[in-house]
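Asker: First to last, the protein sequences are chains A and B. Per this note's numbering, residue 15 is the first one in the first sequence, and the count goes up by one each step. Per this note's numbering, residue -15 is the first one in the second sequence, and the count goes up by one each step.
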Amino acid sequence: MSSLMRETHPLTLKVMRLSRPTLSSTRKFPLDSNNSVLAQAVQEAELNRPTQSGQIFSDLCLPNEMHPLDAFQLSEALVLPRAFGTMYLGETFAAHICLCNESNLVVRDISVRAVMQTATQRLILFDSSSSKGAGQQEETPKILQAGQPLNLQVAHEIKELGVHMLGCTISYLSAQGEHRSLQKSFKFQVSNPLVVKTKINHLDNDVLLEIQVHNATQSTMVLERLRFEAASPFEADDLNTVGANVPVWCGSVGFMQPGDVRQYLYRLQPQLLSDQPSIEQERAIKYASALGKLDILWRSAFGSVGRLQTSQLLRKSPGMFLIEIEEALVRGKEKNTVLLEEPFVVRVRVRNVSERKMQLSSVLQTQKHPMVISCGAVQRSLGSMDVGETKELSIEYVSLAPGVQRIGAMVLSDSLSGYARDVGHLLDVFVT
Amino acid sequence: MASILSGIRQTALGTATAADTSAVRTLNDRRLFEPTPLDDELDDALQTYVSSETRPRRDVPTAPEYMGRVYGYERLNQLVTGGQWRGLALAAESTILETPADQEHKLMKCWTYRTLALLQQQGCGTLAVTELDRLERATGYANVARRAVVELGRSPTAVWPFELRLLRAQAPGVAAGDWAESIARLSALQRGCSRVLSRPSGGDASEEERITLNERRVFRLSLMIATCAANLGDSSVAVQTLDQLLPADSSDDESDVRLLSAAARLYLQLGGIAAAERLFLRVENIAPKDDKLVLMNQAFYAVATAKWDVARDLFARVFADHPDRIAAGNNAAVCELYLGSPQAMLNGLQQLMVASPTAAGTAEELVFNYCTGLDLHYDAMKLREAKIKKMIEVGMWAGDGFDMRSFKIHQ
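#1: Note down, one range per segment and in chain order, each beta strand (DSSP E) of at least 3 residues found wholly within the stretch 301 to 362 of chain A.
#2: Would DSSP call residue 267 of chain B helix, strand or coil?
#3: Can you check the stretch 31 to 99 of chain A for any beta strand (DSSP E) of at least 3 residues that lies completely inside it and give the ranges in chain order?
#4: What is the DSSP secondary structure of residue 184 of chain A, reduced to helix, strand or coil?
#5: Could you tell me the boundaries of the beta strand (DSSP E) in which residue 204 of chain A lies?
#6: Residues of chain A with CB closer than 8 Å to the CB of residue 96 of chain B, please, in chain order.
#7: Can you tell me whether residue 361 of chain B is helix, strand or coil according to DSSP?
#8: Any beta-carbon of chain A closer than 8 Å to the one on residue 44 of chain B?
#9: Residue 409 of chain A to residue 388 of chain A, Cα distance in whole Å?
#10: So with CB distances below 9 Å, who are the chain B contacts of residue 101 of chain A?
#11: Could you give the first and the last residue of the continuous alpha helix (DSSP H) run that contains residue 89 of chain B?
#12: Any idea which residues DSSP pairs residue 412 of chain A with across the strands?
#13: Give the secondary structure of residue 373 of chain A by DSSP, where H, G and I count as helix, E and B as strand, and everything else as coil.
#14: Could you pull the DSSP bridge partners for residue 125 of chain A from this structure?
#15: Out of curiosity, what's the CA-to-CA distance linking residue 299 of chain A and residue 400 of chain A?
#16: Kindly indicate which three-state DSSP category residue 254 of chain A falls into: helix, strand or coil?
#17: Excluding sequence positions up to five away, which residues of its chain have a Cβ less than 6 Å from the Cβ of residue 240 of chain B?
#18: Is the beta carbon of residue 91 of chain A less than 8 Å from the beta carbon of residue 65 of chain A?
#19: Cβ of residue 50 of chain B less than 8 Å from any chain A Cβ?
#20: Are the C-beta of residue 303 of chain B and some C-beta of chain A separated by less than 8 Å?
#21: As a quick exercise: from B/66, B/117, B/144, B/36, pick the residue whose alpha carbon is nearest that of residue 18 of chain B.
#22: Closer than 8 Å, CB to CB, is residue 220 of chain B near chain A or not?
#23: Suppose you measure from the CA of residue 327 of chain B to the CA of residue 96 of chain A; what does that come to, to the nearest Å?
#24: With H, G and I counted as helix, E and B as strand and the rest as coil, what does DSSP make of residue 133 of chain A?
#25: Residue 25 of chain A and residue 174 of chain A look like a contact to me (Cβ under 8 Å); what is the Cβ gap, rounded to whole Å?
#26: Can you check which of these residues, A/103, A/70, A/384, A/438, is closest to residue 87 of chain A by C-alpha distance?
#27: Take residue 114 of chain B and list the residues in its own chain whose beta-carbon comes closer than 6 Å to its own, dropping the five residues that flank it on each side.
#28: By a C-beta neighbour count over all protein chains shown, 10 Å radius and 16 as the cutoff for buried, is residue 29 of chain B buried or exposed?
#29: So what's residue 113 of chain B in DSSP terms, helix, strand or just coil?
#30: So residue 227 of chain B is in the alpha helix (DSSP H); what residue range does that whole segment cover?
#31: Taking 8 Å as the CB-CB limit, is residue 89 of chain B close to chain A?
#32: For the beta strand (DSSP E) containing residue 181 of chain B, list its first residue and its last residue.
#33: Does any CB atom of chain B fall closer than 8 Å to the CB of residue 22 of chain A?
#34: Going by CA-CA distance only, name the one from B/384, B/147, B/157, B/376 that's closest to residue 33 of chain B.
#35: Would you kindly report the start and end of the unbroken alpha helix (DSSP H) that includes residue 314 of chain B?
#36: Would you say residue 63 of chain A lies against chain B (beta-carbon separation less than 8 Å)?
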């Protein structure tokens, strides 16, 4: 809090940030239940210092106290904030402004204006001349008698990082009939409370979204709500529960200490309008880069609230090939498990998802997977394919080595447009 | 000014001579003591800011008035009750020096008073740690401890009163902020109590008493560990430790209401509003609706959800029904500030402090809140005068070790 010297103005202006009070910590007298050295003295001392007791009082008679709380740290007394503290994005800046007529004379025609200035905007928080302001239920008095104070409170939701300035301007008519103005600014910095990082993993059409949230403040907080709102065309499945929908982060691990990091996982699935989506719908899903937004609400000391919503979380869209491989599996075998040196057939279904007709052919690239050799023609023609049409291709293989083997390297090409897709591998098989 | 005054007042009583390096073998050896500091921040501030005509008379102990005497427990307890930590430190020291070495039980009790006094006095924690270390070594040589250590393999502190062992565990945190060491020592004590509980029970009355005693000790130690963890900044450990003490969800035992409320208040302090609400509701299912505990819980929850008028009315109601609940009166006044009236807060706090000068008038929380209100309302000379006036009022009744930061006088 600060003010100007009274030699120049009869009024003083003080501002106090109204962050939450907290319970005071007590000085502990250690006690023992039997043969106590100090118990009698402490009981009498607590009568003289009731606010220093960690005892919690009830009207209930509890004669056989098995849970003595004399060692409990927190007292019942609330203490006002000791310092301005740090201001964080998403919190609400609330302040009490006290204007006092410190002189012996009456001051008239008072008007008060409080403005919040940031790097990008200037917001009027309170203006007595236009009755604008939070927390004012009656008109601001225009006259202050000697020694009389004027109290008002302002609040502003912090939506920007960086330097903020609360500017207060008091205009008044002095006892000498002079129009005067008292101005004072209070500067503070707004910091980022949370650092959010994402990691994206693609699983066919689905997206596994990992979100890391880091508590960048200097105090413990509880993430009361962390909700992912998926963007079209996705819908999100929250994977952050265990058992019967019990949140992973609850109980004692629900408290995030300064520097703590929490990891959350969501599965995003495309919202399909039908079982057979059109090529346009598939294209919209594949090329969608916006995944959704995070809505975070946290609480810190004594319920102090902060709320942030991220911008759209983006991904590098996987895009679409003009020739899509819809299915590749080993015919007649469970879980793609085959026997060593025994032939097996892989069925591949391909689809023309381009905007024109294709004349499709495939060339196997057997040199890429030398331990699994193909039987039959290396080069095959699949013939003409209309837009959206699917065709099946059957390829016979024999594996020369056990274990997990990759198969199916090939090039699919369209002789009409010259387009070619290089398929690194179709699937993995387990050879026993 | 403070350093000049302390230079005049500090006593050399009990100072160890530098050249004497032989082992201390008795519990009343002069070499166990550090010089007892006799300066006090409130005394020094009153000397600085208040003229001698208006300065309140305070009990300023001197070494000669305590030297050479033996004090009974009643007198020592009076010094504890009055918060006269300097006097207590001197009285305990004198009693120890004047008590024969073979009265080890009495000597250990006096050491408990001495250590308590040093830990309560601002800035004397390191002295307490030093003396406790020397005492531990000396205990190993003392008559009772020798058998315990040599024949039974116990630590020298095993013969200390349990409260002295608790003070020894708290000392690193209080003195130097080393809460991790305090947790380690408290955990060691807890393991000892658990070992006692795990011994087969004979079923007689003394065994029952032993079990009850150690169960309560284990409980107290858990609370102290949670406190140290919170001081260390490890809220997860603090909450986890407290969670382990809480009764099952299905419990409707009346004796659980205070523990549930205590845990809930810690959760509120850390921002766990939803968790606190669940515990408050459990309390409301057990205790009567108009129990002052239930009302206080509701009031704290209202503070946490910024319903200041509800909180103020609840606190005021508790205070009206129970005028001894100074904290409720303080909290109602604090709510007035958040409702827009620092003057109402100042008036409320001043009324409390005038009505109960020894309790409310010397409560550091109330003084701090009051001075915060003064900072908001006054300026320059008027502010200084108001704070000095408050300092005089506090000086009339406060004991030693009053936290001068409560006055915010250097801001």
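Even for Gly, the Cβ is constructed at its ideal location relative to N, Cα and C.
Answerer: In short, the structure shows the following:
#1: The stretch 301 to 362 of chain A is shown to contain whole beta strand (DSSP E) runs of 3 or more residues at 304 to 314, 318 to 323, 337 to 344, in chain order.
#2: In the structure shown, residue 267 of chain B sits in a helix (DSSP, three-state: H, G or I).
#3: The qualifying runs are 36 to 39, 88 to 93.
#4: In the displayed model, residue 184 of chain A falls within a strand according to three-state DSSP.
#5: Unbroken beta strand (DSSP E) run through residue 204 of chain A: 193 to 205.
#6: The answer, in chain order, is 51, 52.
#7: Of the three classes helix, strand and coil, the one that applies to residue 361 of chain B here is helix, per DSSP.
#8: No, no contact with chain A.
#9: Taken atom to atom, the span from the alpha-carbon of residue 409 of chain A to that of residue 388 of chain A is near 7 Å.
#10: Chain B residues near residue 101 of chain A: none, gap ~17 Å exceeds 9 Å.
#11: It spans 88 to 104 - the alpha helix (DSSP H) in which residue 89 of chain B sits, taken as one unbroken run.
#12: Answer is A/387.
#13: Strand, per DSSP.
#14: In DSSP, residue 125 of chain A forms a bridge with A/185.
#15: Taking C-alpha positions only, residue 299 of chain A is separated from residue 400 of chain A by approximately 22 Å.
#16: Under the three-state reduction of DSSP, residue 254 of chain A is assigned to coil, being neither helix nor strand.
#17: 231, listed in sequence order.
#18: Yes. Within cutoff.
#19: Judged by the 8 Å Cβ criterion, residue 50 of chain B is not in contact with chain A.
#20: For residue 303 of chain B, the answer is no, since every Cβ of chain A falls outside 8 Å of its Cβ.
#21: Sorting B/66, B/117, B/144, B/36 by C-alpha distance to the C-alpha of residue 18 of chain B places B/117 at the top.
#22: Residue 220 of chain B has a beta carbon lying within less than 8 Å of a beta carbon in chain A.
#23: One Cα belongs to residue 327 of chain B, the other to residue 96 of chain A, and the distance between them is close to 19 Å.
#24: Reduced to three states, the DSSP call for residue 133 of chain A is coil.
#25: That belief does not hold up - the Cβ atoms of residue 25 of chain A and residue 174 of chain A are roughly 31 Å apart, past 8 Å.
#26: Out of A/103, A/70, A/384, A/438, A/70 has the C-alpha closest to the C-alpha of residue 87 of chain A.
#27: The residues 18, in chain order, have a CB closer than 6 Å to that of residue 114 of chain B in the same chain once the five nearest residues on each side in sequence are set aside.
#28: Here residue 29 of chain B is buried, its C-beta having at least 16 other C-beta atoms within 10 Å.
#29: The answer is helix: DSSP assigns residue 113 of chain B an H, G or I state.
#30: 219 to 229 is the extent of the alpha helix (DSSP H) around residue 227 of chain B.
#31: For residue 89 of chain B, the answer is no, since every Cβ of chain A falls outside 8 Å of its Cβ.
#32: Here residue 181 of chain B belongs to no beta strand (DSSP E); instead the alpha helix (DSSP H) covers 163 to 182.
#33: No, no contact with chain B.
#34: The residue among B/384, B/147, B/157, B/376 with its C-alpha nearest the C-alpha of residue 33 of chain B is B/376.
#35: Here the alpha helix (DSSP H) through residue 314 of chain B covers 310 to 322.
#36: At a cut-off of 8 Å between beta carbons, residue 63 of chain A contacts chain B.
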